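One structure is given below, encoded as structure tokens.
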Amino acid sequence: YYSLDAWWEDRVKKLPEEIQRTFPFLIVPKASKSEKNSGLENNIHPTVKPVDLMSYLVVLGSRKGDVVLDPFAGSGTTGIACVFSERNYLLIEREKEYFNIIEARIKKAENPAGIVQHEWF
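Counting from 15, one number per residue, gives the positions in the sequence shown under our numbering.
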């Protein structure tokens, strides 16, 4: 097993100090395990993005009510960011095994408490 994080930390230490201070701004932490598995037990997608990062990008490039297109939906993080920031979304993903991941994560974002809703309410 080889840790890319350990490799990166070692490489950054070798850079000039002024560049070392710039890099943390550009480095985005990975999604936490609880964030990655939100809505399902085991998320197999290898590169789940943090919702905070995608929310920042969604808000940066759109307004409330706009439609945001993600042609490489992956685990659906862009869709979750749209739910939280009141945007509509159109997600495209060619890998069938990721569809259930996307669906479960977005359902959890839309109804985090798992409240049952009936049409007579």
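Cβ atoms here follow ideal geometry from the backbone N, Cα and C, with glycine treated the same way.
Keep in mind that this is a model prediction, so the values were computed, not measured.
Residue i classed as buried or exposed, judged by whether at least 16 other C-beta atoms fall within 10 angstroms
i    : result
G75  : exposed
K47  : exposed
N114 : exposed
S17  : exposed
Where residue i falls: helix, strand or coil (DSSP)
i    : result
L29  : coil
L54  : coil
F135 : Bear in mind that the predicted position of F135 carries a pLDDT of just 45, short of 50, making it too unreliable to give a figure here.
N125 : coil
D80  : coil
Nearest to residue i (by Cα), restricted to the options the options
i    : options                : result
N102 : N57, K28, N114 and V73 : V73
K122 : V97, Y112 and D66      : V97
D84  : E107, V65, K63 and S69 : E107
8 Å Cβ cutoff met for residue i and residue j
i    : j   : result
I120 : G79 : no
L105 : I94 : no
A136 : L67 : This structure does not reach residue 136, given that the chain is present from 15 up to 135, and the question cannot be answered.
Beta-carbon proximity list for residue i, same chain, < 8 Å, skipping 5 on both sides
i    : result
E100 : K78 and G79
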